[in-house]
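Everything in the sequence shown is counted per my numbering, starting at 865 for the first residue and increasing by one.
Virtual Cβ for every residue (Gly too), placed ideally from N, Cα, C.
Computed from a prediction, not measured in an experiment: that's the story for all the values here.
Single-structure report; data block below.
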Amino acid sequence: MNIRVFDSEQQAATACAARLAEAVRARPSLALGLPTGRTPLNVYRELVALSAREGLDWSAVRTFNLDEFVGLPATDGGSFRAYMERHLFRHVNLTPGNIHFLDGVAEDLAAECARYDTALADVGGLGLVLLGIGANGHLAFNEPAEGLVAACHRTRLSRETRLANLMLFGDDPGRVPMEALTLGMGALLQSGRAVLLAFGEGKAEAVRAMVEGPVTPRCPASFLQLHRDVEVWLDAAAARALQ
Ligand code: GLP
């Protein structure tokens, strides 16, 4: 794992946006895995600004978001699809047909997961995936468990993870969905390159377990130790527990 500690979250976000832009320029049809949450917000803001400033062309880029809540249509403000529209999609020239998303209200959720894995396989997997990490060590919605799942699947969210997503639901715990669909560990570990961002004290322990702990399903992010090309970009607070 290649670890970089930045002076501030903002510096990491600016560098990350530049790295993503460079990847798009190098491969205009890049298959890009995208996370939601608080962590990538500054990256998306920087990326939108950079795209306008430098005329970055997104028209051939294929995006695959990592996960979506079960039971929320794309039109629901709390859905990850709505988050992506707000923070990235509507601000750059992505081609609508190149935006791939799990449908949390599909009639047959197992079939929806299989469809998503097939769509990803059809483009040769993720060329680059941007990742955050849960305070409990989750990746996308691959929660700590006895065992992890390679394929895209339906999962029950931990209490901690539901609380971490409160901001999308007007801070009302009752509105946070109980389940989600998520890419499995296979798609993440088979990506060409992974860039994981973590900021703040609250992520320090998860970062330590990911980087220095054993590879264990109790910390799904620890499996990134097996990835051939991972960059972990931190601020000082998130790096605090590292040796
Ligand atoms: C969310 C997402 C993850 C994200 C993580 C951390 O629930 N499913 O993809 O990386 O939890 O979120 P945050 O960046 O808000 O701390």
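Taking the beta carbon of residue i as the centre, do at least 16 other beta carbons fall within 10 Å, making it buried, or is it exposed?
| i | result |
| --- | --- |
| G1048 | buried |
| S923 | exposed |
| G991 | buried |
| M1074 | buried |
| R945 | buried |
| P892 | exposed |
| A1090 | Strictly speaking, residue 1090 in this sequence is Leu, with Ala absent from that position. By the neighbour-count rule (16 or more Cβ atoms within 10 Å), L1090 is not buried but exposed. |
| E971 | exposed |
| N866 | exposed |
| A895 | buried |
| G897 | buried |
Counting only the same chain and skipping the five closest in sequence on each side, list residues whose C-beta sits under 8 Å from that of residue i.
| i | result |
| --- | --- |
| H964 | R926, T927, F928, N929, Y980, A983 and L984 |
Tell me whether residue i counts as near ligand 1, meaning its Cβ is closer than 7 Å to at least one heavy atom of that ligand.
| i | result |
| --- | --- |
| D1035 | no |
| T927 | no |
| D931 | yes |
| A1004 | yes |
| R1155 | This structure cannot settle anything about residue 1155, because the visible part of the chain is limited to 865 through 1107. |
| G996 | yes |
| T1025 | yes |
| P899 | yes |
| A1028 | yes |
If I measure Cβ to Cβ from residue i and keep anything under 7 Å in the same chain, skipping five residues before and after, which residues do I get?
| i | result |
| --- | --- |
| E1043 | V934, R1018, T1019, R1020 and L1021 |
Give every residue of the same chain whose Cβ lies closer than 6 Å to the Cβ of residue i, excluding the five residues on either side of it in the sequence, and list them in chain order.
| i | result |
| --- | --- |
| F1005 | D931, T1019, A1044 and T1046 |
| N885 | The sequence given here has Ala at residue 885, not Asn. Same-chain partners within the cutoff: L914 and L920. |
| A879 | none |
| Q1054 | G989 |
| V907 | A877, C880 and A881 |
| N1029 | V1040 |
| H955 | V912 |
Determine whether the beta carbon atoms of residue i and residue j lie at a separation below 8 Å.
| i | j | result |
| --- | --- | --- |
| L936 | S943 | yes |
| L994 | V1059 | yes |
| M948 | T903 | no |
| A1014 | G988 | no |
| L1098 | F870 | yes |
| L911 | A887 | no |
| F1087 | V1094 | no |
| A1068 | R1104 | yes |
The alpha helix (DSSP H) with residue i in it runs from where to where?
| i | result |
| --- | --- |
| E949 | F944 to H951 |
| R1057 | Looking at the DSSP string, R1057 is not in any alpha helix (DSSP H); the run it does join, the beta strand (DSSP E), is R1057 to A1062. |
Where do the N-terminal and C-terminal ends of the beta strand (DSSP E) with residue i fall, by residue?
| i | result |
| --- | --- |
| N962 | Note, N962: premise wrong, no beta strand (DSSP E); not H, not E. |
| A1099 | The question names Ala, yet the displayed sequence has Asp at residue 1099. From DSSP, the beta strand (DSSP E) with D1099 extends over V1094 to D1099. |
| N929 | R926 to N929 |
| N866 | N866 to F870 |
| A895 | A895 to L898 |
Report yes or no: is there a C-beta of chain C within less than 8 Å of the C-beta of residue i?
| i | result |
| --- | --- |
| A1028 | Looking for chain C here will not work: only one protein chain is present. |
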